[in-house]
Amino acid sequence: TDPALIRNFSIIAHIDHGKSTLADRMLQATGVVAPRDMRAQYLDRMDIERERGITIKSQAVRMPWGAPGPDGAIRPYALNMIDTPGHVDFSYEVNRSLAACEGAVLLVDAAQGIQAQTLANLYMAIEGDLAIIPVLNKIDLPAAEPERHADEIAALIGCGPADILKVSGKTGAGVPELLDRIVEAVPAPVGDPAGPTRAMIFDSVYDTYRGVVTYVRVVDGALKPRERIEMLSTTAVHDLLEIGVISPEPSPTGGLGAGEVGYLITGVKDVRQSKVGDTVTSAAAPAAEPLAGYQEPKPMVFSGLFPVDGSDFPVLRDALDKLKLNDAALTYEPETSVALGFGFRCGYLGLLHLEIIRERLEREFNLDIISTAPSVVYRVTTEDRAVHTVTNPSEYPEGKILDVQEPVVRATILTPSEFVGTVMELCQSRRGTMQGMDYLSETRVEMHYVLPLAEIVFDFFDALKSRTRGYASLDYEMDGEQSADLVKVDILLNGEKVDAFSAIVHKDAAYSYGLKLTKRLKELIPRQQFEVPVQAAIGSRIIARETIRALRKDMLAKCYGGDISRKRKLLEKQKEGKKRMKAIGSVDVPQEAFIAALGAD
Ligand code: GTP
Numbered sequence: 018t019d020p021a022l023i024r025n026f027s028i029i030a031h032i033d034h035g036k037s038t039l040a041d042r043m044l045q046a047t048g049v050v051a052p053r054d055m056r057a058q059y060l061d062r063m064d065i066e067r068e069r070g071i072t073i074k075s076q077a078v079r080m081p082w083g084a085p086g087p088d089g090a091i092r093p094y095a096l097n098m099i100d101t102p103g104h105v106d107f108s109y110e111v112n113r114s115l116a117a118c119e120g121a122v123l124l125v126d127a128a129q130g131i132q133a134q135t136l137a138n139l140y141m142a143i144e145g146d147l148a149i150i151p152v153l154n155k156i157d158l159p160a161a162e163p164e165r166h167a168d169e170i171a172a173l174i175g176c177g178p179a180d181i182l183k184v185s186g187k188t189g190a191g192v193p194e195l196l197d198r199i200v201e202a203v204p205a206p207v208g209d210p211a212g213p214t215r216a217m218i219f220d221s222v223y224d225t226y227r228g229v230v231t232y233v234r235v236v237d238g239a240l241k242p243r244e245r246i247e248m249l250s251t252t253a254v255h256d257l258l259e260i261g262v263i264s265p266e267p268s269p270t271g272g273l274g275a276g277e278v279g280y281l282i283t284g285v286k287d288v289r290q291s292k293v294g295d296t297v298t299s300a301a302a303p304a305a306e307p308l309a310g311y312q313e314p315k316p317m318v319f320s321g322l323f324p325v326d327g328s329d330f331p332v333l334r335d336a337l338d339k340l341k342l343n344d345a346a347l348t349y350e351p352e353t354s355v356a357l358g359f360g361f362r363c364g365y366l367g368l369l370h371l372e373i374i375r376e377r378l379e380r381e382f383n384l385d386i387i388s389t390a391p392s393v394v395y396r397v398t399t400e401d402r403a404v405h406t407v408t409n410p411s412e413y414p415e416g417k418i419l420d421v422q423e424p425v426v427r428a429t430i431l432t433p434s435e436f437v438g439t440v441m442e443l444c445q446s447r448r449g450t451m452q453g454m455d456y457l458s459e460t461r462v463e464m465h466y467v468l469p470l471a472e473i474v475f476d477f478f479d480a481l482k483s484r485t486r487g488y489a490s491l492d493y494e495m496d497g498e499q500s501a502d503l504v505k506v507d508i509l510l511n512g513e514k515v516d517a518f519s520a521i522v523h524k525d526a527a528y529s530y531g532l533k534l535t536k537r538l539k540e541l542i543p544r545q546q547f548e549v550p551v552q553a554a555i556g557s558r559i560i561a562r563e564t565i566r567a568l569r570k571d572m573l574a575k576c577y578g579g580d581i582s583r584k585r586k587l588l589e590k591q592k593e594g595k596k597r598m599k600a601i602g603s604v605d606v607p608q609e610a611f612i613a614a615l616g617a618d
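Following UniProt numbering, the numbering of the sequence shown begins with 18 at its first residue and continues without gaps.
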C-alpha cells in the first residue's frame with residue numbers, strides 16, 4: 018500500500034467510556050465484519066476480557082475506508098486501529114501502542130467527562146507528537162452533557178469546542194464522520210521505503226496453535242514472506258513463516274511495506290524471544306540502528322501464590338509457565354511457607370494484574386489458589402551497611418536497621434471540586450504529600466500527590482471511589498524512593514512465627530495490623546487441648562495478644578450415647594479435616610483458617 022493512503026491511530030479512553038463498542042461500530046461501518054458475524058466487543062479475544070469488560074492485550078486491525086483525499090476525490094484508505102488498554106497497570110502497553118501511531122482518538126464519555134488515566138495517556142500522546150482527535154461518546158445518553166465537557170476538553174488541548182466530534186457507539190451516530198476525520202487529521206506515516214528494514218514490535222501474543230504471534234509496525238523498508246529476519250536486540254535470526262494483516266481475522270499478505278501494521282509468525286514459542294519494543298530487521302541486510310525502544314515493564318507488586326491443595330503444585334508451575342509465554346511482565350520463583358506449603362512468589366505490574374493472573378489460574382487451569390498480602394520492593398540497609406532488596410516480608414533482615422527505602426508514586430487524581438477536602442484527607446491518611454492542584458473547570462480539579470506505592474496497592478482505589486461516590490479517578494507513575502519508618506510485624510501462634518502473615522508496615526500502622534490479625538486468627542482457629550496465645554510482634558517486642566482458650570469438653574460427648582452412626586460421621590469428618598491441617602509449633606490449624614484470615618478485608 019502507498020504510505021500516503023495509510024492512517025495509523027489508536028483510541029485512548031477511560032475504562033467504560035465505550036472504546037470497544039465504538040471499535041465494533043467502526044468494524045461494521047467499514048464492512049470489515051459482516052452484520053451477521055457481529056458480536057459485542059469483537060476485538061476482545063480473551064474470555065476474561067469480555068467478562069470483565071476490560072481490554073488487556075493490544076490488538077491491531079486494518080479497516081478499508083473510502084474518503085476524500087487532498088484533491089477531494091474519494092480514495093481507498095487503509096485505517097489501522099491499534100487498541101490500547103485503559104487501566105493504569107497496563108500503561109506500558111498504551112505507551113507502545115501509541116508509539117506505533119501518528120494519531121490518537123481521545124474518546125470521552127459525554128456523561129462523565131475526562132478521567133485521570135485518560136489525561137495521563139493524552140499527555141503521553143501529545144509528547145509523542147500524535148495528532149489528537151477529540152471525541153465525545155454516548156451522546157445518546159439522557160445524562161450526557163456534551164457542551165460542558167466539550168469546553169473542558171477544548172481548554173485542555175487548545176482547540177475550539179466546535180472541533181470536538183460527537184458520536185454514539187451505541188447507535189453508530191457520527192461514526193462515518195469520525196472515520197473521515199481520522200483520514201483528514203492523522204498524518205500519513207513517513208519512513209524510508211527503500212532503506213534498510215526496520216519494524217517495531219508493539220505486541221506479541223502466545224497462541225497455542227501457532228506459537229508467538231508478533232504485531233509490528235514497519236517503519237522503513239519492507240518485510241517479505243519467507244525471508245530471514247533478525248531481532249536487533251539479541252541478533253537472533255528467525256525464518257518468517259507467515260506475515261499478514263488482521264482484518265478482522267489474521268490473513269497472510271505478500272508482505273508489509275513502510276508505514277504498514279500487521280502480524281508475523283516465526284515459530285518461536287515464547288514471547289520473550291519476540292520482545293515488545295525490539296526492532297525487527299532483515300537478516301540479509303540488517304539496519305545499523307534500532308528504533309527507539311520502550312521501557313521494559315517492571316513488576317511493582319509481589320505476592321505469594323499457593324495451591325489450596327498441595328498436590329496441585331506441579332499444575333500451578335505449568336500454569337505459570339504457560340501464562341508467562343503471553344505476559345512478559347509476570348515474574349515468579351518458588352517459595353515455601355510453613356503455613357501454606359509450596360508455592361510461588363510472583364511479581365506483577367499492579368493489583369489489577371495480580372487479580373487477572375489469579376483469575377486466569379482459577380478459570381483456565383482449574384486451580385484453587387490463595388495469595389498472600391501484596392508487598393512492594395523495599396531496600397533495607399542493615400548495620401553492616403549491606404543493602405538488601407526485599408520483596409517478601411520473610412526476607413526482611415533481622416537486627417538493627419539503618420534505613421529502609423520504599424517506592425513512591427506521583428499520583429494524579431481528578432475529582433469534582435466538592436470532594437477536594439475528602440480526597441485530601443484520604444491522601445493524608447495514606448502518608449501522601451500534596452504537590453499542587455489545578456482547576457480544569459469550575460467544577461473539576463486535578464490534584465497531584467506523592468504517595469508511597471505500598472499505600473495505594475491495597476484498597477486506595479476503592480477508598481477513593483467510595484468517598485467520592487465513584488466520581489474521582491486516579492492515575493500514577495513510579496517516582497523513585499523515599500526513606501520511611503517501616504517495621505516488620507510478625508504473627509506468632511503459640512510462640513511460633515506464621516510466615517504468611519508477616520507484613521512490612523509503617524510504624525504508625527503496626528499496632529492496628531497486629532490487632533486485626535490476632536483477633537481474626539483467634540476467631541478462625543479452632544480450640545485446642547491447651548491454651549494458645551496469638552501474638553503480634555515487632556522483633557522480640559509483643560504489641561498485641563489474643564488467647565484461644567483450651568477445649569473444655571470432648572466434642573463427642575455432645576452426641577448422646579445411642580447415635581453411633583452420627584459419632585462415626587463426626588470422627589470421619591475430623592479425619593478428613595486432619596489431612597489439611599498445618600501444624601504450627603504444636604498447634605493444628607486447618608488450612609481454611611489461614612485462607613480465611615488472608616482472604617478477609
Ligand atoms: P474497556 O475495554 O474496559 O476499556 O471498556 P470500553 O471503554 O471498551 O467500554 P465498552 O465499549 O465496553 O462500553 C462500556 C459500557 O458503555 C457498555 O455497557 C456499553 O454498552 C456502554 N456504551 C458504550 N458506548 C455507548 C454509547 O454510545 N451509548 C450508550 N448509551 N452506552 C454506550
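Glycine residues also receive a C-beta, built at the ideal position from the N, C-alpha and C atoms.
Mapping the DSSP letters down to three states, classify residue i as helix, strand or coil.
i	result
Q422	strand
I28	strand
Y140	helix
D157	coil
A309	coil
I170	helix
E548	coil
E162	coil
E459	coil
G284	coil
F361	strand
I131	coil
D33	coil
I387	strand
Q452	strand
If you follow the alpha helix (DSSP H) that residue i is part of, which residue opens it and which one closes it?
i	result
E442	437-446
T535	524-541
Y413	Here Y413 belongs to no alpha helix (DSSP H), and DSSP marks it neither H nor E.
S264	Where S264 is concerned, there is no enclosing alpha helix (DSSP H), given that its DSSP letter is neither H nor E.
S37	36-46
Could you tell me the distance, in whole angstroms, from the CA atom of residue i to the CA atom of residue j?
i	j	result
T389	V462	36 Å
K36	P424	32 Å
Y140	S114	14 Å
V229	E194	37 Å
G438	A480	14 Å
L281	A51	25 Å
A403	S328	38 Å
R544	T450	46 Å
K155	W82	23 Å
residue 14	L443	In the structure as shown, the chain starts at 18 and stops at 618, and residue 14 therefore has no counterpart that could be examined.
F330	R56	38 Å
R243	P206	25 Å
Q45	P265	11 Å
A346	M217	19 Å
P267	A95	16 Å
P85	C118	21 Å
L258	P307	23 Å
E162	L147	27 Å
Return the Cβ separation of residue i and residue j in integer angstroms, given the expectation that the two are a contact with Cβ distance under 8 Å.
i	j	result
G120	I150	6 Å
V332	L384	6 Å
G191	K183	6 Å
G130	T38	Contact doesn't hold; Cβ gap of about 18 Å is too wide.
A116	G145	6 Å
V288	Y223	6 Å
P269	G261	4 Å
Considering residue i, what are the terminal residues of the beta strand (DSSP E) in which it resides?
i	result
R558	558-565
E498	490-500
R215	215-224
L481	Per DSSP, L481 belongs to no beta strand (DSSP E); it is in the alpha helix (DSSP H), 477-484.
D605	604-607
Got a sec: does the ligand ATP put a non-hydrogen atom nearer than 7 Å to the Cβ of residue i?
i	result
G35	The ligand ATP is not part of the structure shown, which contains the ligand GTP as its ligands.
Does the structure place the stretch 373-388 close enough to the stretch 340-356 that three or more beta carbon pairs sit under 8 Å? Output reads yes: the stretch 373-388 touches the stretch 340-356.
Check whether the stretch 193-212 touches the stretch 164-174, taking contact to mean three or more Cβ pairs, one atom from each stretch, closer than 8 Å. The stretch 193-212 is not in contact with the stretch 164-174.
Validate contact between the stretch 432-446 and the stretch 396-408 using beta carbons, cut 8 Å, 3 pairs: With contact defined as three or more Cβ pairs closer than 8 Å, the stretch 432-446 and the stretch 396-408 are not in contact.
Below 8 Å, can you find three or more Cβ-Cβ pairs linking the stretch 40-50 to the stretch 229-248? No: fewer than three Cβ pairs fall under 8 Å.
Answer yes if the stretch 503-512 comes into contact with the stretch 525-537, meaning at least three C-beta pairs across the two stretches below 8 Å, and no otherwise. Contact between the stretch 525-537 and the stretch 503-512 is present: three or more C-beta pairs spanning the two stretches fall below 8 Å.
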